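Heads up: the structure comes next, in structure tokens.
2 protein chains.
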Amino acid sequence: MRVLIVEDDALHRSYLNEAVRSALPECDDVMESEDGRLGEIEARKSRAEFVVMDLQMRERNGIEAARTIWRERPDTKILFWSNYSDEAYVRGVSRIVPEGATYGYVLKSTSEERLKLALRSVFLESQCVIDREVRGIQQKGMGSAHGLTDGEYEILVDVALGLTDKTIANRKKLSLRTVQNRLQQLYEKLDIYKETGDDESRYNLRTRAVAVALMRRLLNASAVERAERELQNDWTSQEFQGP
Amino acid sequence: MRVLIVEDDALHRSYLNEAVRSALPECDDVMESEDGRLGEIEARKSRAEFVVMDLQMRERNGIEAARTIWRERPDTKILFWSNYSDEAYVRGVSRIVPEGATYGYVLKSTSEERLKLALRSVFLESQCVIDREVRGIQQKGMGSAHGLTDGEYEILVDVALGLTDKTIANRKKLSLRTVQNRLQQLYEKLDIYKETGDDESRYNLRTRAVAVALMRRLLNASAVERAERELQNDWTSQEFQGP
DNA sequence: GCTTGTCTTGCGGGAACCCGCAGATCTTAG
DNA sequence: CTAAGATCTGCGGGTTCCCGCAAGACAAGC
Chain A
74 MRVLIVEDDA LHRSYLNEAV RSALPECDDV MESEDGRLGE IEARKSRAEF
124 VVMDLQMRER NGIEAARTIW RERPDTKILF WSNYSDEAYV RGVSRIVPEG
174 ATYGYVLKST SEERLKLALR SVFLESQCVI DREVRGIQQK GMGSAHGLTD
224 GEYEILVDVA LGLTDKTIAN RKKLSLRTVQ NRLQQLYEKL DIYKETGDDE
274 SRYNLRTRAV AVALMRRLLN ASAVERAERE LQNDWTSQEF QGP
Chain B
74 MRVLIVEDDA LHRSYLNEAV RSALPECDDV MESEDGRLGE IEARKSRAEF
124 VVMDLQMRER NGIEAARTIW RERPDTKILF WSNYSDEAYV RGVSRIVPEG
174 ATYGYVLKST SEERLKLALR SVFLESQCVI DREVRGIQQK GMGSAHGLTD
224 GEYEILVDVA LGLTDKTIAN RKKLSLRTVQ NRLQQLYEKL DIYKETGDDE
274 SRYNLRTRAV AVALMRRLLN ASAVERAERE LQNDWTSQEF QGP
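So the protein lines, in turn, are chains A and B. Those letters in the first sequence? Residues 74 to 316, per the working numbering, in order. Those letters in the second sequence? Residues 74 to 316, per the working numbering, in order.
Right under this line is the structure:
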């Protein structure tokens with residue numbers, strides 16, 4: 074049994090190493106990689122079945138790395154280990170997990186006990202373990218507080234990328250007016266209107282929406298970069314023109 | 074001699090504690106705070122002259138905390154200790170440092186030797202120490218690659234907040250056309266035009282500018298939040314109504 | 001069937017945005 | 001003082017955005 078740790082902070086890396094050795098005495102070998110890119114290579118070379126993965130790394134973030142690892146070996150068990158419970162990350166993870174794969178999601182602020190428990194549960198018993206703080210975000214469809222539909226979230230990302238309404242309509246195969254409608258209902262969910270109501274001063278609604286999405290941690294730079302890469306793919310592989 | 078450590082990650086906190094005790098044997102007491110808010114209180118209560126401050130914390134980020142600490146005791150020596158060399162953070166720090174104050178800025182990835190050296194240099198010899206990677210950003214005015222004027226950066230922040238051109242004009246006491254001019258030169262610096270040139274597909278320029286600023290780490294959520302708070306101050310203290 | 005509700009699409013217009021052009025102001029160098 | 005250069009400002013227009021209104025599509029329920 075061999076475990077691969079992918080984490081770019083040296084302290085956290087050694088902490089994880091120690092925790093893994095302590096929680097899993099049956100573990101023969103613990104490998105380490107310093108960023109997502111190297112993690113992919115190491116996982117491919119060593120054929121590790123168990124991975125502890127940091128999100129938010131320099132060279133290549135944990136979501137990208139996990140996706141390629143799962144693409145090559147879908148039975149790999151991955152425990153995600155993240156700083157915050159940003160909605161963008163949680164969504165990103167749940168978007169790439171393949172059918173039936175086992176994974177976990179724990180915050181760096183959890184106690185060592187919980188971490189070790191999660192290691193044993195995910196790696197040995199193939200249970201999915203998700204921290205309570207994260208769980209709150211994962212179940213979508215709550216009381217409009219910060220529960221965006223998948224469709225609305227998609228629109229939000231496209232807007233945050235700086236796309237035009239018309240461009241979004243082409244990409245999503247929708248009418249122009251429909252895109253604008255979804256934007257409006259996005260504005261309502263984000264309380265954009267309430268703010269402009271206070272003063273006569275007006276916001277530019279679409280950029281304001283991006284701003285509050287940032288502040289509410291619905292978006293972050295990594296999510297935008299991911300979407301940007303997907304966009305460039307669509308952009309070059311197929312030309313978008315006409316009805 | 075007493076040192077206050079403000080850092081919300083437990084591992085980094087203990088690492089810093091050890092480093093401080095090792096680098097500064099003449100240090101009597103090492104205090105710790107878990108976020109910016111508590112750090113302010115502890116600094117006020119203990120009258121610590123030396124602070125090691127993390128940026129990017131939950132409750133109140135390091136820049137805010139440092140500002141209030143410096144406002145109460147401008148002779149406090151602060152060593153900033155950050156994950157990345159994000160332009161937004163560097164700008165934020167250099168914006169709040171008072172006249173003649175001594176401070177340092179080192180990355181978490183630097184070696185323990187460099188960290189200890191920085192601790193001694195800043196705290197004992199009152200030297201300003203700034204990591205090489207950070208230095209690159211600090212000197213502004215380079216070959217248009219990512220060198221934004223202060224004025225351009227201000228505009229960028231206001232746009233990222235979601236403000237209207239007219240609103241920005243009022244806030245900055247400028248003409249509407251001037252704001253739009255600055256926006257145009259911002260677009261050029263960010264290469265917004267080059268991108269739209271590839272395809273007929275159009276971007277919404279202002280949100281696109283925010284997107285690339287995010288991806289180039291010129292902006293981040295903390296910077297937006299900071300600006301938002303300033304905005305709300307102006308908003309309520311004085312009413313903005315054009316002639 | 002009829003109604004109710006949600007989602008999509010079109011039309012139209014007022015407002016905001018993007019920008020070329022040209023005159024006015026201010027700085028800097030010779 | 002003058003000339004050159006950068007910045008600010010107003011005007012006019014083409015485009016996009018924001019949104020109220022209304023008609024069609026589809027599903028669920030009495």
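Here a beta-carbon is modelled for each residue, glycine too, at the ideal position from N, C-alpha and C. Owing to the predicted nature of the structure, the values given are computational and were not obtained by experimental measurement.
**Asked** What three-state label does DSSP hand residue 173 of chain B in the structure shown?
**Response** coil
**Asked** Which term fits residue 157 of chain B, buried or exposed, when burial requires 16 or more other beta carbons within 10 angstroms of its beta carbon?
**Response** buried
**Distance, residue 276 of chain A Cα to residue 248 of chain A Cα** = 25 Å
**Prompt:** For the beta strand (DSSP E) that contains residue 288 of chain A, what are its first and last residues?
**Reply:** It is not in any beta strand (DSSP E) - residue 288 of chain A instead sits in the alpha helix (DSSP H) that spans 278-288.
**Request:** Can you give me the Cβ contacts of residue 113 of chain B inside the same chain, cut-off strictly under 8 Å, excluding the 5 residues immediately before and after it?
**Result:** 133, 138, 141, 142
**Item:** CA-to-CA distance, residue 250 of chain B to residue 81 of chain A, given in whole angstroms
**Value:** 46 Å
**Message:** Taking 8 Å as the threshold (C-beta atoms), are residue 121 of chain A and residue 152 of chain A in contact?
**Reply:** no
**Message:** Counting only Cβ pairs nearer than 7 Å, list the residues of chain B close to residue 251 of chain A.
**Reply:** Within chain B, no residue comes near residue 251 of chain A; the closest Cβ sits about 17 Å away, beyond 7 Å.
**Message:** Determine, for residue 218 of chain B, whether the minimum Cβ-Cβ distance to residues of chain A falls below 8 Å.
**Reply:** Residue confidence is low: residue 218 of chain B scores 45 on pLDDT, short of 50, so the model does not pin down where it sits. Its coordinate-derived value is still stated next. It does not; no Cβ of chain A falls within 8 Å.
**Item:** Under the three-state DSSP convention, the category residue 133 of chain A falls into
**Value:** coil
**Request:** If I'm right that residue 290 of chain B touches residue 159 of chain B with Cβ under 8 Å, what's the distance once you round it to whole angstroms?
**Result:** 5 Å
**7 Å Cβ cut-off: residues of chain A touching residue 88 of chain B** = 84
**Prompt:** Is the region 201-210 of chain A close to the region 170-183 of chain A, with three or more CB pairs under 8 Å?
**Reply:** yes
**chain A contact for residue 277 of chain B (CB, 8 Å cutoff)** = yes
**Item:** CB contact below 8 Å: residue 130 of chain B versus chain A
**Value:** no
**Asked** Cα separation between residue 127 of chain A and residue 163 of chain B?
**Response** 25 Å
**Asked** Along chain B, in chain order, which residues have C-beta atoms closer than 8 Å to that of residue 288 of chain A?
**Response** 294, 297, 298, 301
**Item:** Buried or exposed by the 16-neighbour rule on C-beta atoms within 10 Å, applied to residue 313 of chain A
**Value:** Annotation note: pLDDT 47 at residue 313 of chain A (below 50); position unreliable, no value reported.
**Message:** Can you look up residue 150 of chain A in the DSSP assignment and give me helix, strand or coil?
**Reply:** strand
**Message:** Using the three-state DSSP reduction, which class does residue 75 of chain B fall into: helix, strand or coil?
**Reply:** strand
**Message:** Only counting the same chain, and skipping five residues up and downstream in sequence, which positions put a Cβ closer than 7 Å to that of residue 304 of chain B?
**Reply:** 234
**Request:** Give a yes or no on whether 8 Å exceeds the smallest Cβ distance from residue 79 of chain B to chain A.
**Result:** no
**Asked** Name the residues in the region 232-261 of chain B whose C-beta lies less than 7 Å from a C-beta of chain A; which are they?
**Response** 232, 233, 234, 235, 236, 237, 240
**Item:** Contact set for residue 89 of chain B: own chain, Cβ-Cβ below 8 Å, skip 5 residues either direction
**Value:** 78, 80, 125, 154
**Request:** Report yes or no: is there a C-beta of chain A within less than 8 Å of the C-beta of residue 281 of chain B?
**Result:** yes
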